[in-house]
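Chains as they are written, first to last, in our numbering: chain A, 1 to 116; chain L, 1 to 116.
2 protein chains.
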Amino acid sequence: MSTDPLSLTLSALAHPARRSMLATLTTGELTVSELAAPFDMTGPAVTKHLKVLERAGLIERLRDAQRRPCRLRAKPLKDVFLLIRPYQKFWDESFDRLEEYLAEQADGSQPTEQNG
Amino acid sequence: MSTDPLSLTLSALAHPARRSMLATLTTGELTVSELAAPFDMTGPAVTKHLKVLERAGLIERLRDAQRRPCRLRAKPLKDVFLLIRPYQKFWDESFDRLEEYLAEQADGSQPTEQNG
DNA sequence: TTTTTATGTTACCATATGGTTAATTAACCA
DNA sequence: TGGTTAATTAACCATATGGTAACATAAAAA
């Protein structure tokens, strides 16, 4: 697997359960059990998902007695945003959002790797 | 692996070579050899990367004699954009882009799975 | 027809992913 | 001490990923 930060972030996002966990964490810190509750999944499986998120820097682990609450760290998502944004002019072929297209042209941003 | 469209798109993006190929394709249609040129990679490896991109709907394969040119299809990236956008207010903790934060609040968008 | 070019398929390998059950650690409570 | 709760580790499994080398196919060029 690719171990550069952007690749780690993207593959962390490439699982519905992990995306759902991230979304849940926007409401605040949550324990592993709280995060696990909506899923039909054993504890170890949840632990593994959290490790993937942690390795990507998308969550931070804390301590509270025997609990290990998780906190959202959204910064890595900014690089995903910067990767995607230059493609905005390509995904709507009818160019009905012409303002955005022209704005992109004006600031000269082009999709490039490592990264926009 | 997860086979929902968004997961397929994100894992397709989770490799530097594939991101680089996509970026290159913004200049227009390219053959497999042209795409492969910058990489120290054998033919089969390139074919596999292209299949991952094709499965995610990020490229389209064409025919031109013995060539199979690739064309960028950026639409799936829009869903990545919609996934990421609601987190924008979280990744800059200093909230120095207050306008955007307030705009997001106004349109009531919250990060949720399946999707923003 | 033969050769070259462009690309794909097959078979194989090592490692990663995503899940399980069983056992273990860590901290609190009685 | 002993028991409960919270979470992780260990061991295992099936499948996917990312790469290789060797071979096969398709179309153009000589």
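Beta carbons are placed, not taken as given, at the ideal position from N, Cα and C, and that holds for glycine. Keep in mind it's a predicted model, so treat the numbers as computed, not measured.
Beta bridge counterpart(s) of residue i as assigned by DSSP
| i | result |
| --- | --- |
| Asp-64(L) | Arg-67(L) |
| Leu-72(A) | Ile-59(A) |
Under the three-state DSSP convention, the category residue i falls into
| i | result |
| --- | --- |
| Leu-82(A) | helix |
| Leu-58(L) | coil |
| Thr-24(L) | helix |
| Ala-17(A) | helix |
| Thr-47(A) | helix |
| Thr-9(A) | helix |
| Pro-111(L) | coil |
Among the options, the one whose alpha carbon lies nearest that of residue i
| i | options | result |
| --- | --- | --- |
| Leu-72(A) | Arg-61(A), Lys-78(A), Gln-66(A) | Arg-61(A) |
| Pro-38(A) | Ala-17(A), Thr-3(A), Thr-112(A) | Ala-17(A) |
| Pro-86(L) | Val-46(A), Lys-48(A), Leu-25(A), Thr-31(A) | Leu-25(A) |
| Thr-31(A) | Val-46(A), Met-41(A), Arg-19(A), Asp-40(A) | Val-46(A) |
| Leu-58(L) | Gln-66(L), Asp-40(L), Leu-22(L), Ser-2(L) | Leu-22(L) |
| Phe-90(L) | Gly-28(A), Met-41(A), Ile-84(A) | Gly-28(A) |
| Pro-76(A) | Leu-8(A), Thr-3(A), Ser-2(A) | Leu-8(A) |
| Leu-35(L) | Leu-10(L), Arg-67(L), Pro-5(L) | Arg-67(L) |
Span of the alpha helix (DSSP H) around residue i
| i | result |
| --- | --- |
| Ala-36(A) | 32–36 |
| Phe-90(A) | 88–91 |
| Ser-2(A) | Premise fails: Ser-2(A) is in no alpha helix (DSSP H) and is neither H nor E. |
So if I threshold CB-CB distances at 8 Å, which residues from the region 23–52 of chain A count as touching chain L? Of all residues in the region 23–52 of chain A, Ala-23, Thr-26 have a Cβ within less than 8 Å of some Cβ in chain L.
Given a limit of 7 Å on CB to CB distance, which residues of the region 2–17 of chain L reach chain A? Flagged, chain order: Ser-2, Asp-4, Ser-7, Leu-10, Ser-11, Leu-13, Ala-14, His-15, Pro-16.
Short-range partners of chain L found in the region 52–66 of chain A, where Cβ spacing is below 9 Å: Flagged: no residues at all.
For the region 67–97 of chain L, list every residue whose C-beta sits within 9 Å of some C-beta in chain A, in sequence order. Listed in sequence order: Leu-72, Arg-73, Ala-74, Lys-75, Pro-76, Leu-77, Lys-78, Val-80, Phe-81, Leu-83, Ile-84, Arg-85, Pro-86, Tyr-87, Gln-88, Lys-89, Phe-90, Trp-91, Asp-92, Glu-93.
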